[in-house]
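Q: Quick one: the structure is below, questions incoming.
2 protein chains.
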Amino acid sequence: MRTTQPRLRLLHFFSRTDGHFTPEEIAERFRLAGEPIPIATLYQNLRVFSDHGLIGEVIGHGGELRYDANLTPHSHLRCNRCGVLMDVMLSLPDLQPLGPGQDWQITGARVELQGICPACQEAFPIPVL
Amino acid sequence: MRTTQPRLRLLHFFSRTDGHFTPEEIAERFRLAGEPIPIATLYQNLRVFSDHGLIGEVIGHGGELRYDANLTPHSHLRCNRCGVLMDVMLSLPDLQPLGPGQDWQITGARVELQGICPACQEAFPIPVL
DNA sequence: TTACGTGCAAACGTTTTGCACAAAC
DNA sequence: GTTTGTGCAAAACGTTTGCACGTAA
């Protein structure tokens, strides 16, 4: 894996952010910064970084693939009103299913909590969704 | 919402299956049955059914959108080896985050367990993934 | 110097849209 | 008769690929 200009730029981007971005959103950031990154190069390197475990992948609300610099095991918490997504730590207890699935060997879990963020609780005290 | 021929055919399909299908997989089933369904009509009605709560949406292994006739609250269990996906019931304990996120109002959760299914445990006793 | 990465353009598969026609109410 | 849905063709969208050129090692 070679040290190239586009890879350094991408790593620099991830080192300064903690969000969950689609490829298009990342490209937009570079475009706005006046230093656009070719879309093929972007996709190629997101794949490479992900394969090498340098960044994580998250499935977004609409099913779109998002990349994430937070590599620690964590769950996600999404606001049902404004859609904001944050990382949370959950201490997960025994996740072995009872009944159907009890003979599976569980190796991991992906948990996405849904809820109303504090700002939306304040803005819309009466549930609208 | 009108009762039309394509909608009845689609509902009939979902009433007889309990899998998680992509639009293309559903179209393929109709094609094989000798009664193809136009792709635009299929997409339009999957959206309509989902909006009306008649079917559920699941994000598949590769991030693709899948539709699901099982409307009861359930989690998914996916095999890391063969990719098979099954529905499971989990009795989820307290999911309120501690620390960051503790001031959110939790309304639901989407849980996907990963593991090795019994058939794969038998076929590959030594972990390959 | 040679293997690897870049980045353009083109291809690709999936999903959506425009619209004239048909069917349901 | 009016509104809604159908289904074709075309467009749009996000992503991948082929390939000649550039660059890191």
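Taken in order, these protein sequences are the chains called A and B.
If you use the numbering used here, the first sequence corresponds to residues 11 to 139, in order.
If you use the numbering used here, the second sequence corresponds to residues 11 to 139, in order.
Don't be surprised by glycine CBs; every beta carbon is placed ideally from N, CA and C.
Source: prediction; values computed, not measured.
Output the distance between the C-alpha atoms of residue 126 (chain B) and residue 96 (chain B), rounded to the nearest integer angstrom.
A: 12 Å
Q: If you draw a straight line from the alpha carbon of residue 19 (chain B) to that of residue 109 (chain B), how long is it in whole angstroms?
A: 49 Å
Q: Is residue 53 (chain B) buried or exposed, if buried means 16 or more other CB atoms sit within 10 Å of its CB?
A: exposed
Q: From the DSSP output, read off the bridge partner residues of residue 60 (chain B).
A: The partner list for residue 60 (chain B) (beta bridge, DSSP) is empty, contrary to what the question assumes.
Q: Give, in chain order, every residue of the region 34-57 of chain A whose Cβ lies closer than 9 Å to some Cβ of chain B.
A: none
Q: Applying a beta-carbon distance threshold of less than 7 Å, which residues of chain A neighbour residue 168 (chain B)?
A: Past the edges of chain B, shown from 11 to 139, lies residue 168 (chain B), and the structure says nothing about it.
Q: What residues from chain B crowd round residue 65 (chain A), counting only those whose CB sits closer than 8 Å?
A: Within chain B, not a single residue places a beta-carbon under 8 Å from that of residue 65 (chain A); the smallest gap is close to 15 Å.
Q: Name the chain B residues whose beta carbon is nearer than 7 Å to that of residue 111 (chain A)?
A: Simply 87, 96 and 98.
Q: Under 9 Å, Cβ to Cβ, is there at least one residue of chain A near residue 107 (chain B)?
A: yes
Q: Counting only beta-carbon atoms, is residue 73 (chain B) nearer than 9 Å to chain A?
A: Cβ-Cβ to chain A under 9 Å: yes for residue 73 (chain B).
Q: For residue 32 (chain B) versus residue 81 (chain B), is the C-beta spacing smaller than 9 Å?
A: no
Q: One question on the structure: do residue 107 (chain B) and residue 123 (chain A) come within less than 9 Å of each other, judged by their Cβ atoms?
A: Cβ atoms of residue 107 (chain B) and residue 123 (chain A): closer than 9 Å.
Q: Can you give the Cα-Cα distance for residue 23 (chain B) and residue 77 (chain B), rounded to whole angstroms?
A: Spanning the two alpha carbons is a distance of roughly 12 Å.
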